[in-house]
């Protein structure tokens, strides 16, 4: 049975060669369809949520961001190192922790290693912000 637009409210394209109507192989809500950037965002969010359980009050004025690559000032070379993250503080007491996706992706081989590096990076920046050692920020890490 062939449905037209008036019956379904949407346009269906002709099945020209008998292969069926083409469309996505998986529903968009399944993890297989998530981009690398979306997966990385989730890793950072997971790390932040884990730390907020321990340091909710201290992290209330902290904004966590993800950028693809750092803006490297002129004169800085690869030998100087490409950072995984950056901490920015303001006199108002607000702070921003920025995690860079591409440097982390390049230095990891698998998803588990990337999740661990993202978590360690966020813990280090929170430790820098609070003036503590990373082992104090998360004793289980």
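Numbering (our numbering), first residue to last: 2 to 142.
Yeah, the Cβ is synthetic: ideal placement off N, Cα and C, and Gly gets one too.
Residue environment, residue i, which counts as buried when at least 16 other CB atoms sit within 10 Å
{"i": "residue 130", "result": "buried"}
{"i": "residue 107", "result": "exposed"}
{"i": "residue 119", "result": "buried"}
{"i": "residue 2", "result": "At residue 2, the pLDDT of 42 sits below 50, so the modelled position is not reliable; the number obtained from the coordinates is stated separately. The residue is exposed, with fewer than 16 neighbouring Cβ atoms inside 10 Å."}
{"i": "residue 133", "result": "exposed"}
{"i": "residue 46", "result": "exposed"}
C-beta contact flag for residue i and residue j at 7 angstroms
{"i": "residue 65", "j": "residue 102", "result": "no"}
{"i": "residue 109", "j": "residue 85", "result": "no"}
{"i": "residue 62", "j": "residue 82", "result": "no"}
According to DSSP, residues forming a beta bridge with residue i
{"i": "residue 36", "result": "The partner list for residue 36 (beta bridge, DSSP) is empty, contrary to what the question assumes."}
{"i": "residue 67", "result": "100"}
{"i": "residue 93", "result": "DSSP lists no partner for residue 93."}
{"i": "residue 87", "result": "99"}
Residues near residue i by beta carbon distance below 7 angstroms, same chain, minus five either side
{"i": "residue 115", "result": "44, 105, 106, 109"}
{"i": "residue 87", "result": "71, 99"}
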